[in-house]
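>
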Amino acid sequence: MDKIYDVIIIGAGPAGLTAAIYARRASKTVLLIEAKSFGGQIINTPHIDNYPASPHISGYDFASAVYGQAEELGAEITYEKAVGIEDGAIKKVKTENNEYKAKAVIVATGSENRKLGVEGEDELVGRGISYCATCDGAFFRGKTVAVVGGGNTALEDALYLSDLSETVYLIHRRDGFRGDDATVNTLKERKNVKFVLNSRVTKLTADKKLKSIEVTDKDGNVTELEVNGLFVAVGRIPENQNFASVIELDGSGYAVAAEDCRTRTAGIFVAGDNRTKEVRQLVTAASDGAAAATEAVRYINSLKQDG
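So that you can map any letter, position 58 of the sequence shown is 61 in my numbering, and since no number is skipped, the others follow by simple counting.
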(Lines of atoms letter the chains of each structure in order from A; the text may use other names.)
(Lines give C-alpha, C1' and ligand atoms only; values in the text may rest on other atoms or scores of the structure.)
Protein backbone atom coordinates (compact mmCIF):
# COMPACT_ATOMS: atom_id res chain seq x y z
CA MET A 4 0.00 0.00 0.00
CA ASP A 5 1.55 3.34 -1.08
CA LYS A 6 -0.81 5.59 0.86
CA ILE A 7 0.61 7.03 4.06
CA TYR A 8 -1.97 7.72 6.74
CA ASP A 9 -1.45 10.19 9.52
CA VAL A 10 -2.64 7.69 12.12
CA ILE A 11 -3.24 3.97 12.07
CA ILE A 12 -5.25 2.66 15.00
CA ILE A 13 -5.08 -1.06 15.74
CA GLY A 14 -8.34 -2.08 17.36
CA ALA A 15 -11.83 -0.66 16.91
CA GLY A 16 -13.10 -0.98 20.45
CA PRO A 17 -14.15 2.04 22.55
CA ALA A 18 -10.54 3.26 22.92
CA GLY A 19 -9.71 2.88 19.23
CA LEU A 20 -12.97 4.42 18.02
CA THR A 21 -12.60 7.38 20.39
CA ALA A 22 -9.05 7.88 19.16
CA ALA A 23 -10.33 7.87 15.58
CA ILE A 24 -12.91 10.54 16.42
CA TYR A 25 -10.32 12.79 18.04
CA ALA A 26 -7.78 12.31 15.25
CA ARG A 27 -10.33 13.04 12.53
CA ARG A 28 -11.53 16.13 14.36
CA ALA A 29 -7.90 17.27 14.17
CA SER A 30 -8.08 16.74 10.39
CA LYS A 31 -5.75 13.74 10.37
CA THR A 32 -6.27 10.80 8.02
CA VAL A 33 -7.13 7.66 9.98
CA LEU A 34 -7.16 3.95 9.27
CA LEU A 35 -8.67 1.57 11.82
CA ILE A 36 -7.48 -2.03 11.65
CA GLU A 37 -9.80 -4.46 13.44
CA ALA A 38 -9.35 -8.23 13.64
CA LYS A 39 -12.93 -9.13 14.57
CA SER A 40 -15.80 -6.65 14.74
CA PHE A 41 -16.02 -3.02 15.82
CA GLY A 42 -16.94 -2.33 19.42
CA GLY A 43 -14.67 -4.80 21.20
CA GLN A 44 -15.97 -6.75 24.19
CA ILE A 45 -18.55 -4.13 25.09
CA ILE A 46 -20.63 -5.16 22.09
CA ASN A 47 -21.65 -8.32 24.01
CA THR A 48 -22.85 -6.43 27.10
CA PRO A 49 -26.67 -6.35 27.28
CA HIS A 50 -26.87 -3.24 29.47
CA ILE A 51 -24.53 -0.34 30.18
CA ASP A 52 -25.47 1.73 33.21
CA ASN A 53 -22.14 3.27 34.25
CA TYR A 54 -21.26 5.45 31.25
CA PRO A 55 -22.13 9.13 31.75
CA ALA A 56 -25.30 10.33 29.98
CA SER A 57 -25.94 6.90 28.43
CA PRO A 58 -27.98 4.90 30.96
CA HIS A 59 -29.81 1.73 29.94
CA ILE A 60 -28.07 1.45 26.56
CA SER A 61 -26.93 -1.90 25.18
CA GLY A 62 -23.28 -2.50 24.36
CA TYR A 63 -24.20 -3.07 20.72
CA ASP A 64 -26.10 0.21 20.45
CA PHE A 65 -23.31 2.09 22.20
CA ALA A 66 -20.60 0.62 19.97
CA SER A 67 -22.68 1.22 16.84
CA ALA A 68 -23.16 4.86 17.76
CA VAL A 69 -19.45 5.45 18.38
CA TYR A 70 -18.52 3.58 15.20
CA GLY A 71 -21.06 5.59 13.20
CA GLN A 72 -19.59 8.81 14.56
CA ALA A 73 -16.04 7.81 13.59
CA GLU A 74 -17.17 6.70 10.13
CA GLU A 75 -19.17 9.88 9.56
CA LEU A 76 -16.06 11.91 10.37
CA GLY A 77 -14.17 10.04 7.67
CA ALA A 78 -12.21 7.33 9.46
CA GLU A 79 -11.50 4.30 7.27
CA ILE A 80 -11.70 0.76 8.60
CA THR A 81 -10.35 -2.57 7.40
CA TYR A 82 -11.06 -5.93 9.00
CA GLU A 83 -7.70 -7.66 9.26
CA LYS A 84 -5.48 -8.95 12.05
CA ALA A 85 -2.40 -6.80 12.71
CA VAL A 86 0.63 -8.99 13.35
CA GLY A 87 3.43 -6.47 13.78
CA ILE A 88 4.73 -2.92 13.65
CA GLU A 89 7.98 -1.82 12.00
CA ASP A 90 9.40 1.40 13.40
CA GLY A 91 10.91 4.15 11.28
CA ALA A 92 10.28 7.69 10.08
CA ILE A 93 7.17 6.14 8.57
CA LYS A 94 5.70 3.30 10.61
CA LYS A 95 4.62 0.10 8.89
CA VAL A 96 1.76 -1.94 10.29
CA LYS A 97 1.74 -5.47 8.98
CA THR A 98 -1.39 -7.57 8.82
CA GLU A 99 -1.68 -11.19 7.79
CA ASN A 100 -2.07 -10.16 4.14
CA ASN A 101 -1.11 -6.49 3.79
CA GLU A 102 1.14 -3.71 4.95
CA TYR A 103 -0.04 -0.18 5.82
CA LYS A 104 1.98 2.98 6.45
CA ALA A 105 1.44 5.84 8.86
CA LYS A 106 3.23 8.65 10.67
CA ALA A 107 1.88 7.49 14.03
CA VAL A 108 0.30 4.31 15.37
CA ILE A 109 -2.08 3.77 18.28
CA VAL A 110 -2.36 0.22 19.62
CA ALA A 111 -5.81 -0.23 21.16
CA THR A 112 -6.13 -4.00 21.07
CA GLY A 113 -7.60 -4.32 24.57
CA SER A 114 -7.45 -7.51 26.58
CA GLU A 115 -9.43 -10.70 26.77
CA ASN A 116 -10.98 -12.08 29.91
CA ARG A 117 -9.36 -15.28 31.04
CA LYS A 118 -12.17 -17.82 31.09
CA LEU A 119 -12.96 -20.74 33.35
CA GLY A 120 -13.23 -23.13 30.44
CA VAL A 121 -16.46 -24.69 31.72
CA GLU A 122 -19.03 -25.93 29.21
CA GLY A 123 -21.71 -23.35 28.48
CA GLU A 124 -19.67 -20.39 29.74
CA ASP A 125 -19.72 -18.41 26.50
CA GLU A 126 -23.45 -18.90 26.01
CA LEU A 127 -24.26 -17.55 29.48
CA VAL A 128 -22.30 -14.30 29.23
CA GLY A 129 -24.88 -11.58 29.86
CA ARG A 130 -27.32 -14.21 31.16
CA GLY A 131 -25.77 -14.74 34.56
CA ILE A 132 -22.05 -14.77 33.84
CA SER A 133 -20.05 -11.56 33.97
CA TYR A 134 -16.38 -10.59 34.00
CA CYS A 135 -16.94 -7.16 35.54
CA ALA A 136 -18.59 -6.68 38.94
CA THR A 137 -18.58 -2.88 38.78
CA CYS A 138 -20.23 -3.04 35.36
CA ASP A 139 -22.94 -5.59 36.12
CA GLY A 140 -23.19 -5.89 39.90
CA ALA A 141 -26.23 -3.61 40.17
CA PHE A 142 -28.28 -6.14 38.19
CA PHE A 143 -27.85 -8.62 41.05
CA ARG A 144 -29.00 -6.43 43.92
CA GLY A 145 -30.57 -8.59 46.63
CA LYS A 146 -29.68 -11.81 44.82
CA THR A 147 -27.16 -14.62 45.32
CA VAL A 148 -23.90 -14.47 43.40
CA ALA A 149 -20.51 -16.15 43.27
CA VAL A 150 -17.06 -14.73 42.52
CA VAL A 151 -14.26 -16.94 41.22
CA GLY A 152 -10.63 -15.94 41.72
CA GLY A 153 -7.89 -15.37 44.26
CA GLY A 154 -6.30 -12.05 43.36
CA ASN A 155 -7.15 -8.48 44.27
CA THR A 156 -9.72 -8.17 41.49
CA ALA A 157 -11.70 -11.13 42.82
CA LEU A 158 -11.46 -9.86 46.40
CA GLU A 159 -12.54 -6.35 45.45
CA ASP A 160 -15.37 -7.75 43.32
CA ALA A 161 -16.61 -9.80 46.26
CA LEU A 162 -16.40 -6.78 48.56
CA TYR A 163 -18.27 -4.61 46.08
CA LEU A 164 -20.97 -7.23 45.56
CA SER A 165 -21.36 -7.82 49.30
CA ASP A 166 -22.90 -4.35 49.52
CA LEU A 167 -25.45 -5.23 46.85
CA SER A 168 -26.21 -8.93 46.95
CA GLU A 169 -27.87 -11.06 49.60
CA THR A 170 -25.17 -13.73 49.52
CA VAL A 171 -21.71 -13.78 47.92
CA TYR A 172 -19.77 -17.02 47.50
CA LEU A 173 -16.05 -16.46 47.02
CA ILE A 174 -14.58 -19.48 45.26
CA HIS A 175 -10.83 -20.08 44.98
CA ARG A 176 -8.90 -23.13 43.91
CA ARG A 177 -6.37 -22.74 46.73
CA ASP A 178 -6.68 -22.29 50.50
CA GLY A 179 -5.00 -18.89 50.45
CA PHE A 180 -5.42 -15.73 48.39
CA ARG A 181 -2.89 -13.82 46.32
CA GLY A 182 -4.66 -10.56 47.09
CA ASP A 183 -4.25 -8.16 49.98
CA ASP A 184 -4.70 -9.59 53.48
CA ALA A 185 -6.55 -6.45 54.56
CA THR A 186 -9.27 -7.06 51.98
CA VAL A 187 -9.48 -10.74 52.91
CA ASN A 188 -9.95 -9.79 56.56
CA THR A 189 -12.66 -7.30 55.65
CA LEU A 190 -14.48 -9.97 53.68
CA LYS A 191 -14.27 -12.38 56.61
CA GLU A 192 -16.17 -9.83 58.68
CA ARG A 193 -19.02 -9.66 56.16
CA LYS A 194 -21.77 -12.03 57.27
CA ASN A 195 -23.12 -12.45 53.73
CA VAL A 196 -19.76 -13.56 52.27
CA LYS A 197 -19.08 -17.30 52.27
CA PHE A 198 -15.65 -18.69 51.39
CA VAL A 199 -15.45 -21.80 49.20
CA LEU A 200 -11.76 -22.70 49.14
CA ASN A 201 -9.71 -25.46 47.53
CA SER A 202 -12.51 -25.65 44.96
CA ARG A 203 -13.21 -24.90 41.34
CA VAL A 204 -16.32 -24.46 39.24
CA THR A 205 -16.91 -27.61 37.22
CA LYS A 206 -20.46 -27.25 35.89
CA LEU A 207 -23.02 -24.61 35.00
CA THR A 208 -26.77 -25.20 35.04
CA ALA A 209 -29.13 -22.81 33.28
CA ASP A 210 -32.67 -22.37 32.01
CA LYS A 211 -32.24 -19.38 29.70
CA LYS A 212 -30.35 -17.79 32.62
CA LEU A 213 -27.82 -19.19 35.07
CA LYS A 214 -29.52 -21.15 37.89
CA SER A 215 -26.72 -22.92 39.72
CA ILE A 216 -23.07 -23.87 39.64
CA GLU A 217 -21.33 -27.05 40.63
CA VAL A 218 -18.06 -26.78 42.55
CA THR A 219 -15.61 -29.61 43.13
CA ASP A 220 -13.07 -29.49 45.94
CA LYS A 221 -9.56 -30.94 45.92
CA ASP A 222 -10.83 -34.25 47.30
CA GLY A 223 -13.40 -34.63 44.54
CA ASN A 224 -16.42 -33.72 46.65
CA VAL A 225 -19.12 -31.97 44.60
CA THR A 226 -21.44 -29.22 45.87
CA GLU A 227 -24.21 -27.46 43.98
CA LEU A 228 -24.73 -23.77 44.74
CA GLU A 229 -27.85 -21.97 43.58
CA VAL A 230 -26.75 -18.58 42.24
CA ASN A 231 -28.19 -15.88 40.03
CA GLY A 232 -24.82 -14.56 38.93
CA LEU A 233 -21.26 -15.78 38.50
CA PHE A 234 -18.46 -13.21 38.33
CA VAL A 235 -15.26 -14.58 36.83
CA ALA A 236 -12.10 -12.80 38.01
CA VAL A 237 -9.27 -15.17 37.13
CA GLY A 238 -7.21 -12.67 35.15
CA ARG A 239 -7.04 -10.98 31.79
CA ILE A 240 -4.87 -11.52 28.73
CA PRO A 241 -3.68 -8.28 27.07
CA GLU A 242 -3.28 -8.54 23.32
CA ASN A 243 0.15 -6.95 22.94
CA GLN A 244 2.54 -9.77 22.11
CA ASN A 245 2.64 -9.01 18.38
CA PHE A 246 4.01 -5.54 19.16
CA ALA A 247 6.59 -6.36 21.83
CA SER A 248 9.43 -5.24 19.54
CA VAL A 249 8.30 -1.61 19.77
CA ILE A 250 6.30 -1.52 23.03
CA GLU A 251 7.65 -2.33 26.48
CA LEU A 252 5.50 -4.91 28.26
CA ASP A 253 5.28 -5.56 31.98
CA GLY A 254 5.39 -8.99 33.57
CA SER A 255 1.70 -9.56 32.83
CA GLY A 256 1.96 -8.50 29.20
CA TYR A 257 0.43 -5.03 29.56
CA ALA A 258 1.91 -2.15 27.56
CA VAL A 259 3.92 0.16 29.79
CA ALA A 260 2.63 3.71 29.34
CA ALA A 261 1.50 6.56 31.57
CA GLU A 262 -1.65 8.68 31.22
CA ASP A 263 -0.26 10.31 28.06
CA CYS A 264 -0.34 6.84 26.45
CA ARG A 265 3.18 7.24 25.04
CA THR A 266 5.31 4.10 24.65
CA ARG A 267 9.08 3.77 24.55
CA THR A 268 8.98 4.25 20.77
CA ALA A 269 8.34 7.76 19.45
CA GLY A 270 5.16 7.91 17.41
CA ILE A 271 3.65 4.73 18.85
CA PHE A 272 0.95 5.00 21.50
CA VAL A 273 -1.33 2.62 23.40
CA ALA A 274 -4.89 3.11 24.58
CA GLY A 275 -7.42 1.08 26.50
CA ASP A 276 -7.39 -2.13 28.50
CA ASN A 277 -4.05 -3.29 27.10
CA ARG A 278 -2.27 -0.44 28.94
CA THR A 279 -0.86 -0.52 32.47
CA LYS A 280 -3.40 1.23 34.71
CA GLU A 281 -5.56 0.74 37.78
CA VAL A 282 -9.09 1.06 36.38
CA ARG A 283 -10.24 -0.69 33.22
CA GLN A 284 -13.73 0.49 32.38
CA LEU A 285 -15.58 1.76 29.33
CA VAL A 286 -15.11 5.36 30.41
CA THR A 287 -11.35 4.96 30.96
CA ALA A 288 -10.97 3.29 27.56
CA ALA A 289 -12.60 6.32 25.95
CA SER A 290 -10.34 8.59 28.02
CA ASP A 291 -7.26 6.72 26.80
CA GLY A 292 -8.44 7.02 23.20
CA ALA A 293 -8.76 10.78 23.54
CA ALA A 294 -5.35 11.09 25.22
CA ALA A 295 -3.55 8.84 22.72
CA ALA A 296 -5.03 10.64 19.72
CA THR A 297 -4.16 14.04 21.19
CA GLU A 298 -0.56 12.96 21.72
CA ALA A 299 -0.40 11.40 18.25
CA VAL A 300 -1.60 14.65 16.68
CA ARG A 301 1.05 16.58 18.62
CA TYR A 302 3.69 14.13 17.44
CA ILE A 303 2.62 14.43 13.79
CA ASN A 304 2.54 18.23 14.00
CA SER A 305 6.04 18.21 15.49
CA LEU A 306 7.25 16.28 12.45
CA LYS A 307 5.98 19.07 10.19
CA GLN A 308 7.80 21.67 12.27
CA ASP A 309 11.03 19.68 12.20
CA GLY A 310 10.72 19.23 8.45
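Each residue gets a CB set at the ideal place from its N, CA and C atoms; glycine is no exception.
So what's N304 in DSSP terms, helix, strand or just coil?
Residue 304 sits at position 301 when you count from the first residue of the sequence shown. Helix at N304.
> Determine, using beta carbons only, whether Q118 and A107 come nearer to each other than 8 Å.
Counting from 1 along the sequence shown, the entry for residue 118 is found at position 115. Counting from 1 along the sequence shown, the entry for residue 107 is found at position 104. What sits at residue 118 in the sequence shown is Lys, not Gln. Not closer than 8 Å, so no.
> Would you be able to state if there are at least three C-beta pairs under 8 Å between the region 81–88 and the region 231–241?
Counting Cβ pairs under 8 Å, fewer than three are found: no touch.
> Contact defined as beta carbons within less than 8 Å: I believe I45 pairs with G14. What is the distance between those atoms, to the nearest angstrom?
The residue labelled residue 45 in the question sits at position 42 within the sequence shown. The residue labelled residue 14 in the question sits at position 11 within the sequence shown. That belief does not hold up - the Cβ atoms of I45 and G14 are roughly 12 Å apart, past 8 Å.
> Residues bridged to A258 by DSSP?
Stepping through the sequence shown from its first residue, residue 258 is reached at position 255. BP columns for A258 point to L252, R278.
> Does DSSP classify F180 as helix, strand or coil?
For the purposes of this step, residue 180 is taken as the residue at position 177 of the sequence shown. Residue state, collapsed to three classes: coil.
> Take the Cβ of N101 as the centre, count every other Cβ of all protein chains shown within 10 Å, and call the residue buried at 16 or more, exposed below.
The sequence position of residue 101 within the sequence shown is 98, counting from 1. Under this definition N101 is an exposed residue.
> Taking the alpha-carbon positions, what's the A105 to N53 distance?
Residue 105 sits at position 102 when you count from the first residue of the sequence shown. Residue 53 sits at position 50 when you count from the first residue of the sequence shown. Looking at the two C-alpha atoms, the distance is approximately 35 Å.
> Helix or strand or just coil, what does DSSP make of D166?
As a first step, residue 166 must be located in the sequence shown, where it is residue number 163. Of the three classes helix, strand and coil, the one that applies to D166 here is coil, per DSSP.
> For K197, name the three-state secondary structure that DSSP assigns.
Along the sequence shown, one-based indexing puts residue 197 at 194. Of the three classes helix, strand and coil, the one that applies to K197 here is strand, per DSSP.
> Pick helix, strand or coil for K95, following the three-state DSSP scheme.
Taking the first residue of the sequence shown as position 1, residue 95 is located at position 92. Three-state DSSP puts K95 in a strand.
> Given a threshold of 16 other Cβ atoms within 10 Å of its Cβ, counted over all protein chains shown, does V225 qualify as buried or as exposed?
Position 222 of the sequence shown, counted from the start, is the residue given in the question as residue 225. Exposed is the call here.
> Please report the residue range of the beta strand (DSSP E) in which I109 lies.
Along the sequence shown, read from residue 1 onward, the residue named residue 109 stands at position 106. It spans 102–110 - the beta strand (DSSP E) in which I109 sits, taken as one unbroken run.
> Quick check on DSSP: helix, strand or coil for P241?
Start at 1 with the first residue of the sequence shown, and residue 241 comes out as number 238. Looking at P241 - three-state DSSP - the assignment turns out to be strand.
> Would you tell me roughly how many angstroms separate the C-alpha atoms of V196 and L167, rounded to the nearest one?
The sequence position of residue 196 within the sequence shown is 193, counting from 1. The sequence position of residue 167 within the sequence shown is 164, counting from 1. Each residue's alpha carbon lies about 11 Å from the other.
> Comparing C-alpha positions only, which one of G254, I250, E115 sits nearest to T268?
As a first step, residue 268 must be located in the sequence shown, where it is residue number 265. Per the Cα distances, I250.
> Beta-carbon separation of F272 and I88 under 8 Å?
Numbered from 1 along the sequence shown, position 269 holds the residue referred to as residue 272. Numbered from 1 along the sequence shown, position 85 holds the residue referred to as residue 88. Contact: no.
> Can you give me the C-alpha to C-alpha distance between Q308 and N245, rounded to a whole angstrom?
What you label residue 308 is simply residue 305 of the sequence shown in a count that begins at 1. What you label residue 245 is simply residue 242 of the sequence shown in a count that begins at 1. Cα-Cα distance, rounded: 32 Å.
> In chain order, what residues of the same chain lie with their CB nearer than 6 Å to the CB of G42, ignoring the 5 residues before and after it?
If you number the sequence shown from 1, residue 42 lands on position 39. Within the same chain, G42 has close Cβ partners A66.
> Who does T189 pair with in a DSSP beta bridge?
Here residue 189 is taken as the residue at index 186 of the sequence shown, counted from 1. The partner list for T189 (beta bridge, DSSP) is empty, contrary to what the question assumes.
> Rounded to the nearest angstrom, what separates I60 and A26 at their Cα positions?
Taking the sequence shown and counting its residues from 1, the one referred to as residue 60 is at position 57. Taking the sequence shown and counting its residues from 1, the one referred to as residue 26 is at position 23. So the alpha carbons of these two residues sit roughly 26 Å apart.
> Would you report the Cα separation of G131 and T156, rounded to the nearest angstrom?
Along the sequence shown, read from residue 1 onward, the residue named residue 131 stands at position 128. Along the sequence shown, read from residue 1 onward, the residue named residue 156 stands at position 153. The straight-line gap from Cα to Cα measures roughly 19 Å.
> DSSP state of A68, grouped into three classes?
Translated into positions along the sequence shown, residue 68 becomes position 65. In the structure shown, A68 sits in a helix (DSSP, three-state: H, G or I).
> Since S215 and T205 should fall inside the 8 Å C-beta cutoff, what is the C-beta to C-beta distance between them, to a whole number of angstroms?
Here the question's residue 215 lines up with position 212 in the sequence shown. Here the question's residue 205 lines up with position 202 in the sequence shown. With a Cβ gap of about 12 Å, S215 and T205 do not count as contacting.
> Can you give me the C-alpha to C-alpha distance between A289 and K221, rounded to a whole angstrom?
Residue numbering aside, residue 289 sits at position 286 when the sequence shown is read from its first letter. Residue numbering aside, residue 221 sits at position 218 when the sequence shown is read from its first letter. Their backbone Cα atoms lie some 42 Å apart in a straight line.
> So D222 is in the beta strand (DSSP E); what residue range does that whole segment cover?
Within the sequence shown, numbered from 1, the residue matching residue 222 stands at position 219. Here D222 belongs to no beta strand (DSSP E), and DSSP marks it neither H nor E.
> Comparing alpha-carbon positions, which option in K212, K194, E217 lies nearest S202?
Here residue 202 refers to the residue found at position 199 when the sequence shown is read from its first residue. The residue with the shortest Cα to Cα distance from S202 is E217.
> Quick check: the Cα distance between K191 and G232, rounded to an integer number of angstroms?
Your numbering for residue 191 matches position 188 in the sequence shown. Your numbering for residue 232 matches position 229 in the sequence shown. The straight-line gap from Cα to Cα measures roughly 21 Å.
> Using the rule of at least 16 other Cβ atoms within 10 Å of the residue's Cβ for burial, across every protein chain shown, is V235 buried or exposed?
One-based indexing of the sequence shown puts residue 235 at position 232. V235 comes out buried.
> Could you check what DSSP says for R117 in three-state terms: helix, strand or coil?
If you number the sequence shown from 1, residue 117 lands on position 114. If DSSP states are grouped into helix, strand and coil, R117 belongs with coil.
> So for V171, helix, strand or coil by DSSP?
Along the sequence shown, one-based indexing puts residue 171 at 168. V171 falls in the strand class under three-state DSSP.
> Considering only the alpha carbon of each residue, which of G62, A294, I174, K39 lies closest to E227?
By one-based count along the sequence shown, residue 227 stands at place 224. It is I174.
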